[in-house]
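Below: one structure, written as structure tokens.
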Amino acid sequence: MNNNLQEEKWSENVILVDADYVDKVAFNLIVNFERMIGRRIPQADMARWLECIALDGGLRTGSHETQVVFIHQKAKTEMENFVPGHYANDLTGKAFQGELGEFILNAYTIEDIADSEQLLIEALNLICQQKEVKRMMVVPNAEDSTIYNKVRETLRQVSDEEKRITVFAMQPMTGGNFRQEMLGYSLMAALGIRGDEIKTE
381 MNNNLQEEKW SENVILVDAD YVDKVAFNLI VNFERMIGRR IPQADMARWL ECIALDGGLR
441 TGSHETQVVF IHQKAKTEME NFVPGHYAND LTGKAFQGEL GEFILNAYTI EDIADSEQLL
501 IEALNLICQQ KEVKRMMVVP NAEDSTIYNK VRETLRQVSD EEKRITVFAM QPMTGGNFRQ
561 EMLGYSLMAA LGIRGDEIKT E
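In our numbering, the protein residues as written are 381 to 581.
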């Protein structure tokens with residue numbers, strides 16, 4: 381477990397993100413939609429994406445505090461398909477204010493690629509144990525069934541009455557005691573892709 385993660389002061393709302401996975405999904409959406417709608421797609425707006433995730437997780441306009449935890453491999457210094465996206469310069473120790481309140485950002489490094497799944501699950505476990513956390517939004521690599529199953533097992537221990545938990549994936553997943561939302565919608569909004577652009581005749 382990353383020691384800095386253990387020393388965190390937790391907010392009532394927490395977004396836990398597998399940053400390498402989300403960056404890869406954003407890249408795939410950019411490539412596919414540029415081909416489909418015939419225009420250049422810019423990098424995803426990080427603040428817009430996080431606000432969309434929070435909205436999908438049930439947060440509403442107000443002076444809330446939301447903590448964002450990005451987990452990434454040591455070899456990656458930035459999310460290449462998001463702006464701002466550099467872990468050390470743009471995200472760690474930074475915050476922004478929006479209609480949903482303040483978002484406090486921090487990125488944590490996975491020392492070894494083999495530990496990526498382990499760190500996400502350990503972080504999830506740690507956050508679940510914090511009494512002050514009332515709402516969690518989790519963005520794992522749900523395409524990896526091993527990781528998704530571990531997320532589901534971990535969340536099975538958490539009372540739905542104590543915490544509202546939403547797991548984001550690119551497609552509907554077999555259930556657990558948590559809400560599910562489609563990851564693609566928030567990413568499309570952050571990439572500036574409009575619904576009317578992708579309607580097929």
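Think of the CB as a built atom: it goes at the ideal place given N, C-alpha and C, for glycine as much as any other residue.
No residue range can be given for K454, since it is assigned to no alpha helix (DSSP H) and is classified by DSSP as neither H nor E. Counting of Cβ neighbours within 10 angstroms places M516 among the buried residues, the total reaching 16 or more. With respect to the 7 Å criterion, L435 and V448 are not classified as neighbours on the basis of their beta carbons. CA-CA distance, M562 to P552, rounds to 7 Å. Between the alpha carbons of N461 and A406 lies a gap of roughly 6 Å.
Contact between the region 389 to 400 and the region 451 to 461 is established, with three or more Cβ pairs separated by less than 8 Å.
In the structure shown, Q551 falls within a coil segment according to DSSP collapsed to helix, strand and coil. For E414 and V519, the gap between their C-alpha atoms comes out near 24 Å.
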